[in-house]
Amino acid sequence: MGKEKNSKPQGMCRPFKDLKTLLKSKSFKLAPSPADNSRKSPAKTTTGPGRPSEPAIVTTAQKLSGHENDLFMEAMAGVEPIARDDCIEHDAAPRPPQTPEYDCDAETLLQLEKLIKHGEGFVVADTPEYIEGTGYNVHPELTKRLHRGDFSIQAHLDLHGLGVESAKNNFDKFFKDAITTGKGAVLIVHGRGLSSPAEPVLKTKVVEWLTRGPWRKWVVAFTSARSFDGGAGATYVLLRQRPVTKSQRKKKKQQ
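Going by the working numbering, the sequence shown opens with residue 7, and the numbers climb by one from there.
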């Protein structure tokens, strides 16, 4: 009988020829892959039976090692935490106060009510109809005081609606009585003359009688009244206790 023919070819590489034997013996361990390590949760330690402890806090210095740790410590040398007392706390900016809505109609009605009841809000001296004047050797400031109401009104005369001649007779009679009884400040109502085609007739005449007539030597000052006393349609007159004489006028001119 001849030699048995070898069925396995010679010179072939068989790298897994021992794999079957290793699997059967289970004498090897597989190294864990990086992906498996990343999916694992950090290990917890217990401080008592059945109670897990908190995970350890890792500082920046512990994360660094070697040369990096030396550089970090060198950079942090001399650094100290800020004391709580040195901290400046800024309060939140306060909200701006809410401005109430402005009611134009209500404000207008309020101003109108003040004007009608008390004469507030309307300055007669700022109008073209305002008049004022002073007598002999009188400081102009006195007209402002008279208009302001510093002198109480002791008598009044109403000429409104009268003709010039009738008004002149009443004016003369009134002035004579006021001087005789020692009145200080009086009120003459003459109207504004709005119905006159050119200028207020009675108002112009009253100014003429106060500055050119025989009563001028008794006049200290005159000015338009305030709104609640007639405004530009009436005139305050401040009277002297003694009239200015001609000798006083001449003496003043010679000085």
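Positions of the beta carbon are idealized from the N, C-alpha and C atoms, including for glycine. Keep in mind it's a predicted model, so treat the numbers as computed, not measured.
**Prompt:** Where ALA184 and LEU163 are concerned, what is the direct C-alpha to C-alpha distance, given to the nearest angstrom?
**Reply:** Computed Cα separation, rounded: 10 Å.
**Request:** Answer yes if the stretch 216-235 comes into contact with the stretch 135-153, meaning at least three C-beta pairs across the two stretches below 8 Å, and no otherwise.
**Result:** These segments touch.
**Asked** With 16 as the cutoff for other CB atoms within 10 Å, does LEU115 come out buried or exposed?
**Response** By the beta-carbon neighbour count (other beta carbons within 10 angstroms, threshold 16), LEU115 is exposed.
**Message:** For a minimum of 3 consecutive residues, which ranges assigned as the beta strand (DSSP E) are wholly contained in the stretch 177-226?
**Reply:** Listed in chain order, the complete beta strand (DSSP E) runs (minimum 3 residues) inside the stretch 177-226 are 191-195.
**Prompt:** Does DSSP put PHE228 in a helix, in a strand, or in coil?
**Reply:** Here PHE228 sits in strand by DSSP.
**Request:** Check PHE78 in the structure and name its three-state DSSP category.
**Result:** The answer is helix: DSSP assigns PHE78 an H, G or I state.
**Message:** My assumption, with CB atoms under 8 Å, is that LEU208 sits in contact with VAL243. Please give the rounded CB distance.
**Reply:** For a cut-off of 8 Å, the C-beta gap from LEU208 to VAL243 is around 15 Å, too long to register as a contact.
**Request:** Could you tell me how far apart the beta carbons of ASN175 and LEU165 are, in whole angstroms, since I believe they sit closer than 8 Å?
**Result:** With a Cβ gap of about 10 Å, ASN175 and LEU165 do not count as contacting.
**Asked** In the structure shown, what three-state DSSP assignment does THR140 receive?
**Response** It is a strand residue.
**Residue closest to SER172, alpha-carbon to alpha-carbon, out of ALA204, LYS150 and LYS211** = Nearest Cα to SER172 within the set ALA204, LYS150 and LYS211: LYS211.
**Prompt:** Which residues in the same chain as GLY199 place their Cβ atom closer than 7 Å to its Cβ, once the five residues preceding and following it in sequence are excluded?
**Reply:** Annotation for GLY199: GLU205, PRO206, VAL207, LEU208 and LYS209 place their beta carbon closer than 7 Å to its own, counting only its chain and skipping 5 residues before and after.
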